[in-house]
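S.K.: Quick note: to get our numbering, add 1 to the position in the sequence shown (first position is 1).
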Amino acid sequence: MYDKCIICNSNKWGVFRDSKRLITCNNCSLVKLRKFIIKQDYYRNIKKYKDILIDNKIDARRRNVLDRYKLINNIIKNNNKVLDIGCNEGLFLTLLKSNNIDCIGIEPNKYAYKFAIKNEINVINDYFENVKFNHKFNVITAFHVIEHVNNPVDFVSQINSLLNTDGYLIIETPNINCYRSKKKKDYWEMIKDEHLYYFSSKTLFNLLENNGFIVEKLNLRDFDALYQGMRNQLAKIGIKFYKKIQTKDKSYDNIETKDHNNINHFKLMRLILYYIIKLFKREDYIFVIARKINA
Ligand SMILES: [Zn+2]
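(1) Thinking just about the alpha-carbon of each residue, which of 231, 73, 273, 8 is nearest to the one in residue 171?
(2) Whether or not the segment 99-119 and the segment 182-201 are in contact is what I'm after, with contact meaning three or more pairs of Cβ atoms, one per stretch, closer than 8 Å; do they touch?
(3) Quick check: is any heavy atom of ligand 1 less than 8 Å from the C-beta of residue 201?
(4) Can you check which of these residues, 27, 141, 47, 126, is closest to residue 83 by C-alpha distance?
(5) Figure out for me which residue from 282, 275, 168, 176 has the closest Cα to the Cα of residue 77.
(6) Taking residue 28 as the reference, which of 279, 108, 204, 214 has the closest Cα?
(7) Whose C-beta lies closer than 8 Å to the C-beta of residue 201 among residues of the same chain, with five residues either side of it excluded?
(8) Just to confirm the assignment, what range does the alpha helix (DSSP H) spanning residue 160 have?
(9) May I ask whether a heavy atom of ligand 1 can be found less than 8 Å away from the beta carbon of residue 29?
(10) Taking the straight line between their C-alpha atoms, what separation do you get for residue 80 and residue 220?
(11) Should residue 11 be listed as close to ligand 1, given that the test is whether its C-beta is under 8 Å from any heavy atom?
(12) Give the range of the beta strand (DSSP E) segment to which residue 23 is assigned.
(13) On the DSSP letters alone, give me the boundaries of the beta strand (DSSP E) that residue 216 sits inside.
(14) Which of the three DSSP states is assigned to residue 277 in this structure?
(15) Out of curiosity, what's the CA-to-CA distance linking residue 305 and residue 109?
(16) From the DSSP output, read off the bridge partner residues of residue 173.
(17) Quick one: what's got a C-beta closer than 8 Å to residue 252's C-beta in the same chain, skipping five residues either side?
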């Protein structure tokens, strides 16, 4: 009935938790959408990425990019070539460029692409699988991309072939085993048609280690962690406002934007909650640093 598991080849799938939308491989516990309905060309022209670029969250997005950069700036050397797959509005590349790093991005969405090239960074407006390079890279980053691709094994293998030996792949993706995913189940806002695969630390580790990488670091993180909405923070330590949030605000994104107005008022409180969330490993995303090994 279902395709073979892309990680372990098993064809035994079961319902994930009691989800109506997700199934899991009974052998390796990879999770995916029961039904893929997104068409191959979907991302080229969709406008929702356009709205992201003009909204008042751009400062939060800049802080978020800087936070990611701090996690990997020790592995990016001055003479490195860096590729950012799914670079969106190009904020990460802009940051790299300001640090004199040779970098290029790939972004299929035309609105994100147009926004990105205004900052005079190199971006190719296409899907990653269509792009050919005549040189290799030292570091390849893919933030919130692997959950969107039709075949994450092919994706990781193609990246592997573009890296120098000892080059690095950095991946960030939602964590299907995070606290809020377990609590909110099918209402977790990361579960959507665009997200085909849902990784845990274990399944992402297996995917990488089976396809030419050694996982050197596995961190958890959140979007703009120090400044995320306080209601989000409280939800992560088990104090629930879920129902109110669902009726008042249509999306998770709205909540974050709203709460940003109060940033200065609750600075210390936010900081304390931030450390509690870290202590209990309640963050939403997995952040992996993997190194290419000799074939
Ligand atoms: Zn499997």
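Backbone N, C-alpha and C fix where the C-beta goes; we use that ideal spot for every residue, glycine too.
M.R.: With the given structure in hand:
(1) 73
(2) no
(3) no
(4) 141
(5) 168
(6) 204
(7) 30, 32, 176, 177, 178, 287
(8) 153-163
(9) yes
(10) 26 Å
(11) yes
(12) 23-26
(13) 214-222
(14) helix
(15) The structure shown has nothing for residue 305, since the chain only spans 2 to 296.
(16) 144, 288
(17) Any answer about residue 252 is weak, because its pLDDT of 43 lies below 50 and its placement is not dependable; what the coordinates show is given next. Once the five neighbours on either side are set aside, the close Cβ partners of residue 252 are 190.
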